[in-house]
DNA sequence: ACCATCTCGCAACAGATGTTTCATCGCGCC
DNA sequence: GGCGCGATGAAACATCTGTTGCGAGATGGT
């Protein structure tokens, strides 16, 4: 009988097996990933056994041959359909209107755990080196793009532009220059606008940084840096943008850090100007 | 040059590849686990391409052959040797530019934990009952406001307005009517614009919902509902908006849930219209 | 309209794969 | 001690692997 959990079947059958088969079985149990990926002969060499042993082991477990066992091992290792999110509430109870917020917040918190910092720092390097930075995000990602645009302008006032931010976007896309950096933000389903922005940027010779929800995203094609976030679909609602925002913010912060003293100086200048214009209310804590 | 992150190399090289190689590359990117485990010929059959295509793809990426690429894909999927060796960043190390993103993401994840769901659901009730909803957010909160505005309009197209979204904001503020709901988003330091929006809304007899970072926030004065979020200040940088975004999204979702069948119908209509306009790219997974 | 170049499927290729056979070995039993 | 039987490894086997040479077709530049 073919088992759906090969390693369990293996362990169960272990005591009744001849010595060499036992050794092979233990080796497979301890290196199941290698058993699934490497060839039988390589495995035999690593385990110090004969290739035939592994065929016999598989047959002893009820598989037609080694290929059968390996196929089962592979299926065990196959990642779940949902990329890197723990399903939030296992028992999907009826989504009462009252606990929708709780569910969503829970999902958001979980999605932030999957973000990686290293690629963000690398992407920030590309932005830092670019003479001009364009930011593109459309529809639901527009807000995120605007935010990134705003934060970057705090310390790089003159050379950051939001695609489609001041007039028709084709004018912006026509102004792209080689060496500029383009940041495109999007997730499935991907808007045509975002794809066009990415494509045009590539053709113009820009350095492309993409924030997306999947490595296979169309807008990610040709990107120099791809920053993945999880657009966790809420309970029956549209996807969450928290991961995208956190990524964008981290990108801006890293960029600022790279800017060093000049960036800090420009940020201070911006703050001083805002204070002079009385854009913000005075902090009652410090003014009293 | 052989890349250590094969999918990234693949994505980068994609635009410069011939059509069939592009198709193969996309297929590999979307099914990287199968590419790592199944044989090249099986893959070719599944992708509807010639086996040779995959060899050529690997070579185009700088690998000696398909085996090289597959080995790289396998290494990408290999589980970490020590399962739960989550490196915890030692507290208050020197804030290197490289680990700024990590710090920020960590802070974001922590800040989401403090959010409460119950007030959000209550506030959603107020929005749901209002004949018209205004959303106000300025400067760094503009993006958040825009996002909330966008999401609400998905299922309540006609009666949501962004203050200052289409022309001078005083015109919007002049149009406020008693019974309308006003959502104001802001955190310290509070912009004069946001305070004015809140004040005017109160005077006009609107129901005021405020998203802020402190109970003592000026813009929260007189608010019917106050949704607190944590604007965690990053390492030497401006505050994080993740909490505000998560709150806004949860608010929109709760509002949608309250809308019941009509809201769902309007959302479906919106989606159908977008699909008809081909605003979004078709999902390759379902179309093929 | 021409030609050079590139693309790409087909089919033959050498090599590697998993399997099987077979002779040998070790071990317990009569 | 002789015998039978399962375990074991080496080698031969058919099959499948990834690769490459070839030619038809498409493409782009002049």
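Residue numbers (the numbering used here), protein chains in the order written: chain A, 30 to 317; chain B, 30 to 317.
We put the beta carbon where it would ideally sit given N, CA and C, even for glycine.
In terms of residues, what are the limits of the beta strand (DSSP E) holding residue i?
i: residue 243 (chain A); result: It is not in any beta strand (DSSP E) - residue 243 (chain A) carries neither H nor E in the DSSP assignment.
i: residue 257 (chain A); result: 254-257
i: residue 1 (chain B); result: The structure shown does not extend to residue 1 (chain B), since chain B is modelled only from 30 through 317, so no value can be given for it.
i: residue 174 (chain A); result: It is not in any beta strand (DSSP E) - residue 174 (chain A) instead sits in the alpha helix (DSSP H) that spans 171-184.
i: residue 206 (chain B); result: Taken as a continuous stretch (DSSP letters only), residue 206 (chain B) belongs to no beta strand (DSSP E), as it is neither H nor E.
How many whole angstroms separate the CB atoms of residue i and residue j, which I take to be in contact at a CB cut-off of 8 Å?
i: residue 144 (chain A); j: residue 271 (chain A); result: Not confirmed; about 10 Å, so no contact.
i: residue 7 (chain B); j: residue 101 (chain B); result: Outside the displayed span of chain B (30 to 317) sits residue 7 (chain B), for which this structure offers no information.
i: residue 11 (chain B); j: residue 273 (chain A); result: Here chain B comprises residues numbered 30 to 317, so residue 11 (chain B) is not present and cannot be evaluated.
i: residue 179 (chain B); j: residue 171 (chain A); result: 7 Å
i: residue 210 (chain B); j: residue 238 (chain B); result: 6 Å
i: residue 86 (chain B); j: residue 53 (chain B); result: 5 Å
i: residue 65 (chain A); j: residue 103 (chain A); result: 5 Å
Which term fits residue i, buried or exposed, when burial requires 16 or more other beta carbons within 10 angstroms of its beta carbon?
i: residue 251 (chain B); result: exposed
i: residue 177 (chain B); result: buried
i: residue 135 (chain A); result: buried
i: residue 71 (chain A); result: exposed
i: residue 91 (chain A); result: exposed
i: residue 230 (chain A); result: buried
i: residue 108 (chain A); result: exposed
i: residue 324 (chain B); result: No answer is possible for residue 324 (chain B): it lies beyond the span of chain B, which begins at 30 and ends at 317.
i: residue 99 (chain B); result: buried
i: residue 6 (chain B); result: For chain B, the structure presents residues 30 to 317; residue 6 (chain B) sits outside this window and is missing.
i: residue 199 (chain B); result: exposed
i: residue 259 (chain A); result: buried
i: residue 236 (chain B); result: buried
i: residue 208 (chain A); result: exposed
i: residue 46 (chain B); result: buried
i: residue 166 (chain A); result: buried
i: residue 289 (chain B); result: exposed
i: residue 215 (chain A); result: buried
i: residue 257 (chain A); result: buried
i: residue 306 (chain A); result: exposed
i: residue 187 (chain B); result: exposed
i: residue 146 (chain A); result: buried
Along the alpha helix (DSSP H) that carries residue i, what are the first and last residues, could you check?
i: residue 288 (chain A); result: 271-305
i: residue 57 (chain A); result: 48-59
i: residue 215 (chain B); result: Element bounds for residue 215 (chain B): n/a, residue is neither H nor E.
i: residue 166 (chain A); result: Residue 166 (chain A) -> not in any alpha helix (DSSP H); beta strand (DSSP E) instead, spanning 162-166.
i: residue 42 (chain A); result: 35-42
From residue i to residue j, what distance separates their C-alpha atoms?
i: residue 48 (chain B); j: residue 224 (chain A); result: 18 Å
i: residue 69 (chain A); j: residue 41 (chain A); result: 22 Å
i: residue 232 (chain A); j: residue 205 (chain A); result: 9 Å
i: residue 44 (chain B); j: residue 63 (chain A); result: 34 Å
i: residue 155 (chain B); j: residue 183 (chain B); result: 18 Å
i: residue 185 (chain A); j: residue 246 (chain B); result: 30 Å
i: residue 141 (chain A); j: residue 148 (chain A); result: 15 Å
i: residue 190 (chain A); j: residue 278 (chain A); result: 17 Å
i: residue 196 (chain A); j: residue 202 (chain A); result: 11 Å
i: residue 280 (chain A); j: residue 300 (chain A); result: 21 Å
i: residue 303 (chain B); j: residue 162 (chain B); result: 23 Å
i: residue 164 (chain B); j: residue 253 (chain B); result: 15 Å
i: residue 79 (chain B); j: residue 213 (chain B); result: 58 Å
i: residue 226 (chain A); j: residue 294 (chain A); result: 32 Å
i: residue 152 (chain A); j: residue 244 (chain A); result: 15 Å
i: residue 138 (chain A); j: residue 138 (chain B); result: 6 Å
i: residue 297 (chain A); j: residue 194 (chain A); result: 25 Å
i: residue 234 (chain A); j: residue 150 (chain B); result: 48 Å
i: residue 77 (chain B); j: residue 60 (chain B); result: 14 Å
i: residue 37 (chain A); j: residue 267 (chain A); result: 40 Å
i: residue 83 (chain A); j: residue 75 (chain A); result: 12 Å
i: residue 287 (chain A); j: residue 173 (chain A); result: 22 Å
i: residue 311 (chain B); j: residue 248 (chain A); result: 13 Å
At a cut-off of 7 Å, is residue i close to the ligand FAD when judged by its beta-carbon and the heavy atoms of the ligand?
i: residue 297 (chain A); result: The ligand FAD is not part of this structure, which contains no ligands at all.
Inset, instruction - Return the residues of the region 278-293 of chain B that lie within a Cβ-Cβ distance of less than 7 Å from chain A, sorted by chain order. - result: 278, 279, 282, 283, 285, 286, 287
Legend entry - Within 9 Å of chain A by C-beta, residues of the region 190-201 of chain B in sequence order: The residues in question: there are none.
Legend entry - Interface positions of the region 239-271 of chain A facing chain B (Cβ-Cβ less than 7 Å), listed along the chain: Going along the region 239-271 of chain A in chain order, one finds 244, 245, 247, 249, 250, 251, 252, 253, 255, 263, 266, 267, 269, 270, 271 with a Cβ nearer than 7 Å to chain B.
Legend entry - Residues from the region 133-152 of chain A in contact with chain B, defined by Cβ distance under 7 Å: Correct list: 133, 134, 137, 138, 141, 142, 144, 146, 149, 150.
Legend entry - Chain-ordered residues of the region 39-51 of chain B with a beta carbon less than 7 Å from chain A: Only 40, 41, 43, 44 from the region 39-51 of chain B bring a Cβ to less than 7 Å from some Cβ of chain A.
Legend entry - the region 227-239 of chain A: positions lying closer than 7 Å to chain B by Cβ: 231
Legend entry - Residues from the region 58-78 of chain A in contact with chain B, defined by Cβ distance under 9 Å: 62, 63, 65, 66, 67
Inset, instruction - Could you please tell me which residues of the region 174-187 of chain A, in chain order, have their CB closer than 9 Å to any CB of chain B? - result: 174, 175, 176, 177, 178, 179, 180, 183
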